[in-house]
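If you count the sequence shown from 1, you need to add 1273 to reach this note's numbering. We treat Cβ as the ideally placed atom computed from N, Cα and C, and that holds for glycine. None of the values given here were measured: they were computed from a predicted structure.
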Amino acid sequence: MESESYTMTVFDPELRQRSRAARVAMALLRLSHAVKAISSDEVKGLGLTPMQAQALLWVRYTKPFLASVGRLAQALGVTHVTAIGVIDALEREGLLTRETSQDDRRVTLLRVTPAGEEAVQRLERFGHTLEEALAGMDERELATLEHGLGAVVWSLRAAGLLQVAEACRGCVYFRENVAPGTSEPHRCDLIERFLSEQEARLACPDYHPEHPQGLLSLAAE
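In structure tokens form, the structure reads like this:
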């Protein structure tokens, strides 16, 4: 009789028959393969790789003083050397530039050029195929899915395996309208900095929700 002492993998259909967690894990793996194919298709004809497109969009929608090379590497889930290669390619195309941070001269910040802004506009469909795949779900189903995926996302973030960047509202460090009537009415207690409304609306890699129960803090809904 064949021994059953070996460790089963989610690729084993027998395990998936018995375990909901295994079925969900396998579904996420399958989705990851689909995302790669979708991303390649969505940037086709734009002269960019999916990772270059993701990098450009990340820089565009991240707070300027936080858009560093190191943080980009974390967002992409790649090494610093790989991130530099992506940046070099975008810089050669005239889509990004680098500058030294005025707050810390050891930090290199990334900026989108006017040509990069045009490229961002051409990437307006990037990610929409996945959004369209959810169109058949009603609000209750979407809320349940968001709650479940959120639990996975925050678990992986706690393990240091991914970065979650969101706008300020709903973050435990955000103080809204503490200086009304000024050009920088909001404040972030984490970095001890006042923020303009435009800055508050851009993503922050240090976003920490009050209630990490979904993909965004419930307080931000």
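In this structure, leucine 1329 sits near leucine 1363, with a CB-CB distance shorter than 8 angstroms.
The segment 1376-1388 makes no contact with the segment 1303-1316: fewer than 3 CB pairs, one atom from each, lie closer than 8 angstroms. Check the Cα spacing between glutamate 1439 and each of Pro1478, Thr1417, Glu1472: the tightest is with Pro1478.
If the five residues before and after lysine 1336 are omitted, its C-beta is found closer than 6 angstroms to the C-beta atoms of Glu1472, Leu1475, Cys1477, all from its own chain and listed in chain order.
The three-state reading of DSSP puts glutamate 1439 in strand, counting E and B together. Between tyrosine 1480 and valine 1437 a beta carbon distance of about 6 angstroms is seen, short of the 8 angstroms cut, so the two are scored as contacting.
Under a 10 Å Cβ-count criterion, proline 1453 is classified as exposed, with fewer than 16 other Cβ atoms of the shown protein chains found around its own Cβ. Contact between the segment 1394-1403 and the segment 1316-1326 is present, with at least three C-beta pairs closer than 8 angstroms.
Between arginine 1289 and arginine 1296, the C-beta spacing is below 8 angstroms. DSSP, reduced to helix, strand and coil, places leucine 1369 within a strand of the structure shown.
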